[in-house]
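Okay, structure first, notes after.
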Amino acid sequence: MIEDKDTQLVVRTALECAGFHCEVYASTGTLLRGIKRDDHGLIVVDVDDPATDCAALVDWRRNWLNPEVTLVALGRTDPLTAARVLNAGVDDFVAKPVRGAELLARIGAAARRRQPAPAEAGLSVAGCSIDRSACAIVSRSHRVGLTARELALAQLLFENAGQLVTRARLAQDVWGADAGITGRSIEQHIYQLRRKLKRCAGEALALRGVYGSGYRIDAAAAPRSASGPSSAPAAAPGLAVQATLHA
286 MIEDKDTQLV VRTALECAGF HCEVYASTGT LLRGIKRDDH GLIVVDVDDP
336 ATDCAALVDW RRNWLNPEVT LVALGRTDPL TAARVLNAGV DDFVAKPVRG
386 AELLARIGAA ARRRQPAPAE AGLSVAGCSI DRSACAIVSR SHRVGLTARE
436 LALAQLLFEN AGQLVTRARL AQDVWGADAG ITGRSIEQHI YQLRRKLKRC
486 AGEALALRGV YGSGYRIDAA AAPRSASGPS SAPAAAPGLA VQATLHA
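Heads up, this note's numbering is the position in the sequence shown plus 285, with the first residue counted as 1.
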C-alpha cells in the first residue's frame, strides 16, 4: 500500500503527465482481478506494504500477461529490500522518496529491456506465429506469453493446422502419458490456450474441439459480403497504454 499520500501523488502525477492512464488498487488480490479484466502496460507496486506479493505478480505476468508488461517496485532505501524484490523478478526498484523524473527514466529503461528480440522464423497460422525463444504467440499487434506446456501444445497444433490432432497424441507428445490420465489437464490447457489465441489473433484463428476425438486449429474463413469485397482501407490498430498503481 502506498500509505504516504505524497508519494502516491508524485507517482500518479508523473505517470499521468507522461501520458499514462492510472488505476489504483488496494492489494495484490484486487490488482490481479483488475489486470484480468483490462490490459496494462505498466504495474507499479510499493513493497513497504506487507500486502504486496512481488513473487505472485511476477508469476502472474509470466503465465497470463503480455510478457512486455513492465513491473516496477517502490520502497525505502534498504539494500536487502531492493535485492529481495529484484531477485523476485521485478524489472526495477526505485527508492523513496520518489522523484518523478527518476521514476519515469527507470520505467523507460525497464520497458526497453523488456522489449523482445525479433521473433525466430517459426510456425504461423492466420498471421499468428509461435516465438519459441520468448515462449509466446505473436501477431502483428499482440504478443501473448505461454506456459511451457501451452507452448508445446500450440507447437503440435500449429504443425498440424487444419488437421485433427487426437487426444491420445496430445497426451503422448505433450504430457508423455495416457489420455485417460491426462484428460482433465488437456481440457484445462486447451481452454487457456484458446483464450490466449483469441487475445493474440482475435477471430482470425479458431481452436476447435472434435467431440470425442481431439482438437484442430484453423484459420477462420473470411466473411463474405453480398456486394463483393469492400474498397475501404482497413483501420490501423490503436495503441492503449495503462499504468497500474498498487496503492
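The beta carbon of each residue, even a glycine, is placed where N, CA and C say it ideally should be.
Nearest-angstrom beta carbon gap, residue j and residue i [assumed within contact, 8 Å]
i	j	result
V410	A505	Between A505 and V410 the Cβ distance is about 10 Å, and since that is not below 8 Å, they are no contact.
D563	T337	A query on residue 563 cannot be resolved here, the shown segment of the chain reaching from 286 to 532 and no further.
T355	A311	Not a contact, Cβ separation roughly 21 Å.
I328	L317	Actually they do not touch by this definition, with Cβ atoms about 10 Å apart.
R533	R493	An answer regarding residue 533 cannot be provided, because it is not within the stretch 286 to 532 covered by the chain.
Residue range of the beta strand (DSSP E) that includes residue i
i	result
E308	306-310
L408	Counting along the chain, L408 falls outside any beta strand (DSSP E), and DSSP gives it neither H nor E.
A419	Careful: A419 lies outside any beta strand (DSSP E) and carries neither H nor E.
Y500	499-504
D323	That residue, D323, is in no beta strand (DSSP E); it is neither H nor E in DSSP.
R493	490-495
T355	355-360
D377	377-380
N-terminal and C-terminal residue of the alpha helix (DSSP H) that residue i is part of
i	result
G302	Reading off the sequence shown, one finds Cys at residue 302, where the question assumed Gly. Looking at the DSSP string, the run of the alpha helix (DSSP H) that includes C302 is 290-302.
T366	364-373
L441	433-444
L455	452-455
G430	It is not in any alpha helix (DSSP H) - G430 instead sits in the beta strand (DSSP E) that spans 428-430.
A390	385-399
Contacts around residue i, its chain only, beta-carbon distance under 7 Å, and the 5 residues preceding and following it disregarded
i	result
A421	P352, R428, V429, G430, L431
D463	A456
T366	V332, G360
G231	Missing from the structure shown is residue 231; the chain here goes from 286 to 532 and no further.
R347	G430
V295	V383, G385
A439	I415, I422, L431, L478
Chain-order list of residues whose beta-carbon lies under 6 Å from that of residue i (same chain, five-residue window excluded)
i	result
A299	G385, L388, L389
D291	none
I436	Sequence check: residue 436 is Leu here, not Ile. Within the same chain, L436 has close Cβ partners C420.
A519	Below a pLDDT of 50, predicted positions are generally treated as unreliable, and A519, at 34, falls in that range; the measurement from the model is reported next regardless. Cβ neighbours of A519 beyond the five flanking positions: none.
C339	V370, A373, V375
W460	T467
G499	L449, V450, T451, R452
T362	A380
Beta-carbon proximity check, residue i vs residue j, cutoff 9 Å
i	j	result
D334	V357	no
R417	H474	no
L490	I471	no
L478	E444	no
V379	R391	yes
R322	C307	no
Nonlocal neighbours in the same chain, by C-beta distance under 8 Å from residue i, ignoring five residues either side
i	result
D458	A437, L441
D289	K381
Y476	none
* Asked: When the Cβ atoms of the region 385-395 are set against those of the region 291-309, are three or more pairs found closer than 8 Å?
  -> yes
* Tell me, please, whether the region 447-454 touches the region 477-487 by the rule of three or more beta-carbon pairs shorter than 8 Å. => no
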